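Everything below concerns the one structure shown next.
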Amino acid sequence: MGRRLIRPTLFLIALLLINLQPVPAQEQKADYKTIPEISYRSGIQTPQTDYMRERCKLDLYYPTSIKNYPTVVWFHGGGLKGGKKSVPDELKEQGIAIVAVNYRLYPKAKKPAYLEDAAAAVAWTFQNIANFGGDPKLIFVAGHSAGGYLTSMLGLDKRWLATHKIDANDIAGLIPYSGHCITHMTVREEMGIPRNQPIIDDMAPLFHARKEAPPILLITGDRNLEFPTRYEENAYLNRLLKVVGHKQTQLFELDGFTHNTMRKPGHQLLIEEIKRIVAKKPIASPLQKN
Numbered sequence: 002m003g004r005r006l007i008r009p010t011l012f013l014i015a016l017l018l019i020n021l022q023p024v025p026a027q028e029q030k031a032d033y034k035t036i037p038e039i040s041y042r043s044g045i046q047t048p049q050t051d052y053m054r055e056r057c058k059l060d061l062y063y064p065t066s067i068k069n070y071p072t073v074v075w076f077h078g079g080g081l082k083g084g085k086k087s088v089p090d091e092l093k094e095q096g097i098a099i100v101a102v103n104y105r106l107y108p109k110a111k112k113p114a115y116l117e118d119a120a121a122a123v124a125w126t127f128q129n130i131a132n133f134g135g136d137p138k139l140i141f142v143a144g145h146s147a148g149g150y151l152t153s154m155l156g157l158d159k160r161w162l163a164t165h166k167i168d169a170n171d172i173a174g175l176i177p178y179s180g181h182c183i184t185h186m187t188v189r190e191e192m193g194i195p196r197n198q199p200i201i202d203d204m205a206p207l208f209h210a211r212k213e214a215p216p217i218l219l220i221t222g223d224r225n226l227e228f229p230t231r232y233e234e235n236a237y238l239n240r241l242l243k244v245v246g247h248k249q250t251q252l253f254e255l256d257g258f259t260h261n262t263m264r265k266p267g268h269q270l271l272i273e274e275i276k277r278i279v280a281k282k283p284i285a286s287p288l289q290k291n
């Protein structure tokens, strides 16, 4: 038996937000620094276009007085057509680093450019976070909507990170918020497929469900308030992962929350998921003190 689906009510979510203590007080008082506009693609590795030089940037927000902290690579939403990087306020001063990523967007870029960029940003984090005091064994990948889609694809389809000689299984955890699990609607648009015509091909997270994938926490808003079929897609992925033998799959449906408003309670669930996974690691980390 796998973990059962949990559908918190608004009342329970309110209690969750009130009672959660994400990190000890001493961690909340730590000093934090932001380094903006870091280029995560090298011209030596990949010839750079002007658009790549514009979009292939990340902001690093990290604690300066903590060592061996976890890091979250955060991908913004926007349907693979819009949006920009930012560090969610709810994830600040939590004893973790945030790598907020911009990536190329349609129609200036075509598939799979956004996945290639996302993989390059995660690779940059694996290769560099130790230089800032972080633990490369505690790198989590998360994002909202289109960012959730990128998160699931990177963690389930190993080819994107393999390009950088990184095993996707080395990601500590995947936390997609309200992401497509079928082929993304913008990818379908590029292929001339109508928005309401679902397909599952090799650009769909569902296509790559596998037993050995990192722990995955799927979060959506209320199925009646979300984008059509978004909850159902995640429920299908949740079930399929269990069928193939994945042992750490969870699904939260947040009753009463829309596609956009589910982000704030989602951030609290992300913090708790990081704490759960860190507690199981034989590694000294600040979050293990709580």
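In this text, residue positions in the sequence shown follow the numbering used here: the first is 2, and each later residue adds one.
Each residue gets a CB set at the ideal place from its N, CA and C atoms; glycine is no exception.
Since this is a predicted model, take the numbers as computed values, not measurements.
Is the beta carbon of residue j closer than 7 Å to that of residue i?
i: P206; j: G174; result: no
i: D60; j: K86; result: yes
i: L255; j: M263; result: yes
i: N103; j: R56; result: yes
i: I201; j: F208; result: yes
i: A98; j: W75; result: no
i: Y178; j: G267; result: yes
i: K212; j: G246; result: yes
i: L252; j: N239; result: yes
i: T126; j: I140; result: yes
i: I167; j: A122; result: no
Just reading off the alpha helix (DSSP H) that residue i is part of, what are its end residues?
i: D51; result: 51-56
i: Q269; result: 264-281
Consult DSSP for residue i and reduce its assignment to one of helix, strand or coil.
i: A163; result: helix
i: A110; result: coil
i: F337; result: In this structure the chain extends from 2 to 291, so residue 337 is not present and cannot be described.
i: A236; result: helix
i: S66; result: coil
i: E191; result: helix
i: P206; result: helix
i: L81; result: coil
i: V123; result: helix
i: V74; result: strand
i: A214; result: coil
Any beta carbon from chain B within less than 7 Å of residue i's own beta carbon?
i: G156; result: Annotation note: the requested chain B is absent from the structure, which comprises a single protein chain.
Taking the continuous beta strand (DSSP E) assigned at residue i, which residues delimit it?
i: H185; result: Unbroken run through H185: none, as it is neither H nor E.
i: G135; result: 135-145
i: T250; result: 250-255
i: S40; result: 33-40
i: P177; result: 174-178
Can you name, in chain order, every residue of its own chain whose Cβ lies under 7 Å from the Cβ of residue i, other than the five neighbours on each side?
i: E274; result: G174, I176, L218
Taking 6 Å as the limit between beta carbons, can you name the residues of its chain near residue i, skipping five residues before and five after?
i: R196; result: M186
i: W161; result: L116, A120, L155
Closer than 8 Å by C-beta to residue i: which residues in its own chain qualify, once you throw out the five before and the five after it? Chain order, please.
i: A131; result: P137
i: E190; result: Y107, R196
The region 104-117 in contact with the region 137-144 per 3-pair CB rule at 8 Å: Counting Cβ pairs under 8 Å, fewer than three are found: no touch.
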